[in-house]
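Novice: Please find one structure pasted underneath; my questions will follow.
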Amino acid sequence: MLNTRAQCLRYATRQLQATCEKRSQYSRGFGRRYISTNSSRASQRHFTSPFYLLVAAGLGAGTVHLVSGPLSFPSAHAEAAEKDEEPVLEFEKPRRKGQTKEETRDLLSSQHVQVKKSLENPGVYAWGSNSGHVTAPDSDEKFIKTPRRLSFFDGMLLRDLKLDRTFGAAIDENGDLLQWGQGFSEHHDPIKTLRGKNLKSLAISRDRIVALGTNGAVYSIPISAKLQTPTEPGWFSWRRTPSIAYRQLTPPNLGWTEKFTAIASGLDHLLLLTSSGRVFSAPTSPTTFPSRGQLGLSGPLSRISHPDSTSHCHELTTLRGFPIAQIAAGDYHSLVRDRDGRVFSFGDNSLGQLGLDLPSTTASYIDVPSLIPIHRLYTNSTPKVTAIAAGGSNSYFAVDATPTAPSPTGHRDTAGGVIADTWSCGSGIYGTLGNGRWTHLQSAPTKIPALSGLYEWSEAANQIVPIRVGRVSVGSTHVATVMGNETSMRAGEAKWGADVLFFGGNEFYQLGTGKRNNVAAPVYIGSLEGEGEEGEENRLQLTPRARVRVGGRWVDVEQRVECGRGVTAVYSGV
1 MLNTRAQCLR
11 YATRQLQATC
21 EKRSQYSRGF
31 GRRYISTNSS
41 RASQRHFTSP
51 FYLLVAAGLG
61 AGTVHLVSGP
71 LSFPSAHAEA
81 AEKDEEPVLE
91 FEKPRRKGQT
101 KEETRDLLSS
111 QHVQVKKSLE
121 NPGVYAWGSN
131 SGHVTAPDSD
141 EKFIKTPRRL
151 SFFDGMLLRD
161 LKLDRTFGAA
171 IDENGDLLQW
181 GQGFSEHHDP
191 IKTLRGKNLK
201 SLAISRDRIV
211 ALGTNGAVYS
221 IPISAKLQTP
231 TEPGWFSWRR
241 TPSIAYRQLT
251 PPNLGWTEKF
261 TAIASGLDHL
271 LLLTSSGRVF
281 SAPTSPTTFP
291 SRGQLGLSGP
301 LSRISHPDST
311 SHCHELTTLR
321 GFPIAQIAAG
331 DYHSLVRDRD
341 GRVFSFGDNS
351 LGQLGLDLPS
361 TTASYIDVPS
371 LIPIHRLYTN
381 STPKVTAIAA
391 GGSNSYFAVD
401 ATPTAPSPTG
411 HRDTAGGVIA
421 DTWSCGSGIY
431 GTLGNGRWTH
441 LQSAPTKIPA
451 LSGLYEWSEA
461 ANQIVPIRVG
471 RVSVGSTHVA
481 TVMGNETSMR
491 AGEAKWGADV
501 LFFGGNEFYQ
511 LGTGKRNNVA
521 APVYIGSLEG
531 EGEEGEENRL
541 QLTPRARVRV
551 GGRWVDVEQR
561 VECGRGVTAV
571 YSGV
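Using full-length UniProt numbering, the first residue of the sequence shown is number 1, and each one after it goes up by one.
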C-alpha cells in the first residue's frame, strides 16, 4: 500500500513539473511577440517560485487521497446562465415632417431658409469693431463677434454701403446719402445728409466720402457733421430741405456723352473711370496729399498740391490706347484692368502689392502705370484677368487660363477647358494672402488654392464648368470672397445662394467666426440668423439677384458683403 502511494506521489510530481515547463515556454514565446523581454523573464521566474512547489505538494497529496480512498464529490448546483442583453439599435431622431412642400423644404435645407428670410426681411447685418458705434449703434459693446442685425435698416434696400471703424455711409433706395457713427456725430441712428442727387455708389477715404450719381456727377463730402454746413437752400423757405457742404469734381475734356461710371478710393486718393474707358485720378484730402505714386501721374502733375486740387481730376494719359474696364484702390496703391484682361498697377510697393516682383533695390513706389506680367504665372496656357480687387496693402486677381495644348486624356471635360484661378500679392502677416502662409510680403502673385481650380456640374450647360470668383471685397486687413457657383431661385423648388468665404485679420472679430484668431486660408462662417439644427451644416450663403415683391412693389434684390477697416457687413442691395 505504501509503495502504491509513493508511486502515485512521484507520478503526480513529474506531471506537475512537465505542466510548469510547458507554461514557462509558452510565456516566453508570448513575451517575444507582444511584450518586452523583461516581462517574459519575469514570467519564467514566476512559474518556478516556492509558491508553485507548495502547490505541487498539495496536488500530490490530493492524488494519494484519491488513489487510497473512495472517490467522493461535493454536491454541486448548476447556476442559471446570465441572459445576454440584446443590443439596442439607436437611430437618428426622426425629423419633423412639414405640412406643405414649402415647410418640407424649410426643414431639409438651411440654405433655402436663408434665401427665403433675406427676401422676406431685407436689412443689414454687421460685425467687428464697435468702438465708433458703427456695427451696433445702440450698444456700448467694444466688439460685435457675430453678425448682428441693425434695426434701423429693417425692410430697407440699399444701393451701396461702406464702413469704417468710426463711421458708416450708405445710399438708400431713393439715392440719398445716410451717415452714422461717432466719426460723423453723436447720434446713434443714421441720418440723411446729401439728398436729391440720385446717388448710386460710394467710396470712402481718410476724411471724405465720395459719391457717384447716376448722371455721372461726383461729390466729395466731409465725414464729420461739424464740417457739413448748408449751401443749397430750397426754392421756397417752407419747403427748404437740409443740404450740406460738398465739392463737385470737374473733369476736363469729357466727351459729349462720356461720363463717370465707377469710382475707387484709398486713404488719400481717388480713381475715376469713364464710360469710354479713360481713367482719372484726384486727391481726396485737402490736408494730406498723395505722395506714393498712387495718382499715376509723373512729372509736375505728381506734385499738384494747391487748395483746389481736391476739386480737379487729371487723366492718366499713359493708359490711352488701353480701354479700361475696371479700377481698384488700396490704401496707397492703384490697379486698373483693360478690356483685354491686362492689369496695370502703380503706387506704393513697399510690401509687394503692385505684383511686379521687382528687386529689393527698386524704389518703394512707382508713379507710372506698369503692366503686371500675369503670363509668367502660366505655361502652356493663355491667361486673361477677369476681375481685380484691392484694399489695405493687398491686390487680388481672378484669372481665366485657357490651355494652348490638349489635355493628356485627349479631351476637355470642362467648358472650353478653362481653368479659373485667384491670385494675391502684398502683405501676408495677417493672412490676407489666403494661401495658408504668414508671409511678411509677397511681390510676385501667389495662387490661393482654396479659390482656384474649382469645378461643378452645371445643369443649365449640361457639363462641368469652372467655379469663378464672383466678387471680392477687401478691407484694410481682411477679405470676403463671394463665389460664382451655380445658384437656384426657381419658384416651387429648393433655393440656394452663393458661397462666401473669409480670411485675413481678425483682431476685431471682423471675420465673423466668433473667435479672434487670424485666418490664413478661406473659411466659411455660420449663417446670419445663427446656428441651425444640431448636426446640420449651416454655412453663410448670399442670395443672388432675383425679382421679388417688397413693400408692395417689384424690385431686383441681391445680398452683398462689404469689408471695411475692422468691420464687415451684409446688406440687401438693389
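Quick reminder that beta carbons are idealized off the backbone N, C-alpha and C, glycines included.
Determine the closest residue to Asp138 out of Gln114, Gln182, Tyr365 and Gly155, with distance taken between C-alpha atoms.
Specialist: Gln182
Novice: Given a threshold of 16 other Cβ atoms within 10 Å of its Cβ, counted over all protein chains shown, does Pro147 qualify as buried or as exposed?
Specialist: buried
Novice: Measuring only the C-alpha atoms, how far is Ser243 from His188?
Specialist: 20 Å
Novice: Ordered along the chain, which non-local residues of its own chain (more than five positions away) have a Cβ less than 8 Å from that of Asn253?
Specialist: Closer than 8 Å at Cβ, skipping near neighbours: Glu315.
Novice: Going by CA-CA distance only, name the one from Ile366, Arg339, Ala325 and Val570 that's closest to His333.
Specialist: Ile366
Novice: Is the beta carbon of Ser452 closer than 8 Å to that of residue 580?
Specialist: Absent from the structure is residue 580, since the part of the chain shown begins at 1 and ends at 574.
Novice: What residue does the beta strand (DSSP E) around Gln559 start on, and which one ends it?
Specialist: Arg553 to Cys563
Novice: Quick one: any contact between the stretch 439-446 and the stretch 464-481, if contact means 3 or more CB pairs under 8 Å?
Specialist: no
Novice: What does a CB cutoff of less than 6 Å around Thr513 pick up in its chain, not counting 5 residues either side in sequence?
Specialist: The answer, listed in chain order, is Ile525.
Novice: Where does Trp554 land, buried or exposed, given buried means 16+ other C-beta within 10 angstroms?
Specialist: exposed
Novice: At what residues does the beta strand (DSSP E) containing Leu119 begin and finish?
Specialist: Careful: Leu119 lies outside any beta strand (DSSP E), inside the alpha helix (DSSP H) at Ser110 to Glu120.
Novice: Ile144 and Leu212 - do their beta-carbons sit closer together than 8 Å?
Specialist: no
Novice: Can you give me the C-alpha to C-alpha distance between Asp338 and Thr288, rounded to a whole angstrom?
Specialist: Between Asp338 and Thr288, the C-alpha separation is close to 30 Å.
Novice: Could you name each continuous alpha helix (DSSP H) segment of 4 residues or more that falls completely within the UniProt repeat "RCC1" (341-401), going from the start of the chain to the end?
Specialist: Scanning the UniProt repeat "RCC1" (341-401) for uninterrupted alpha helix (DSSP H) segments of 4 residues or longer gives nothing; none is fully contained.
Novice: Does the separation of the CB atoms of Gln294 and Gly277 fall below 8 Å?
Specialist: no
Novice: Please report the straight-line C-alpha distance between Ser224 and Leu158, rounded to a whole angstrom.
Specialist: 22 Å
Novice: Can you tell me the Cα-Cα spacing of Ser285 and Tyr455, whole angstroms?
Specialist: 45 Å
Novice: Does the beta-carbon of Leu501 have 16 or more other beta-carbons within 10 angstroms, so that it is buried, or is it exposed?
Specialist: buried
Novice: Please return the same chain residues whose Cβ sits closer than 8 Å to the Cβ of Arg484, not counting the five positions on each side in sequence.
Specialist: The amino acid at residue 484 is misidentified as Arg; the sequence shows Gly. Once the five neighbours on either side are set aside, the close Cβ partners of Gly484 are Ile467, Arg468, Val469, Gly470 and Ala498.
Novice: Would you list the residues sitting across from Pro403 in a DSSP beta bridge?
Specialist: Note: Pro403 sits in a beta bridge opposite Ser381.
Novice: So, under 8 Å CB-CB, Ala401 and Val418 are touching, yes? Tell me the CB distance rounded to an integer number of Å.
Specialist: 7 Å
Novice: Classify Asp556: buried if its beta carbon has 16 or more other beta carbons within 10 angstroms, exposed otherwise.
Specialist: Exposed is the call here.
Novice: For a test of the three-state rule: what should DSSP assign to Leu319, helix, strand or coil?
Specialist: DSSP places Leu319 in helix when its eight states are reduced to three.
Novice: Looking only at DSSP bridge pairs, what is Arg148 linked to?
Specialist: Ala126
Novice: Would you mind working out which of Phe346, Phe184, Val210 and Thr446 sits nearest Leu227, comparing C-alpha positions?
Specialist: Of the candidates Phe346, Phe184, Val210 and Thr446, the one whose C-alpha sits nearest the C-alpha of Leu227 is Phe184.
Novice: When burial is assigned at 16 or more other CB atoms within 10 Å of the CB, is Thr250 buried or exposed?
Specialist: exposed
Novice: Return the first residue and the last residue of the beta strand (DSSP E) that Ala136 is part of.
Specialist: No beta strand (DSSP E) contains Ala136, which DSSP labels as neither H nor E.
Novice: Does the distance from the CB of Leu335 to the CB of Val279 come in under 8 Å?
Specialist: no
Novice: In the DSSP assignment, find the beta strand (DSSP E) that holds Leu267 and state where it starts and stops.
Specialist: No beta strand (DSSP E) holds Leu267; DSSP gives it neither H nor E.
Novice: Is Val567 closer than 8 Å to Thr135 when the C-beta atoms are compared?
Specialist: yes
Novice: Using the Cα positions of Ser27 and Asn518, report the straight-line distance between them to the nearest angstrom.
Specialist: Since pLDDT at Ser27 reaches only 42, below the 50 mark, its modelled position is unreliable, and no value is offered.
Novice: With Ala569 and Leu178 assumed to form a contact (beta carbons below 8 Å), what rounded beta-carbon distance in angstroms separates them?
Specialist: Not quite, the Cβ-Cβ distance comes to about 13 Å (not below 8 Å), so this is no contact.
Novice: Using a Cβ-Cβ cutoff of less than 6 Å, which residues in the same chain neighbour Gly175 once the five nearest sequence positions on both sides are dropped?
Specialist: Asn198 and Leu199
Novice: Beta carbon of Gly392, beta carbon of Ser427: below 8 Å?
Specialist: Contact: yes.
Novice: With Pro522 as the anchor, note down where its beta strand (DSSP E) starts and where it stops.
Specialist: Val519 to Val523
Novice: Report all residues from its chain with a CB closer than 7 Å to the CB of Ser131; omit the five preceding and five following residues, and keep chain order.
Specialist: Lys142 and Arg165
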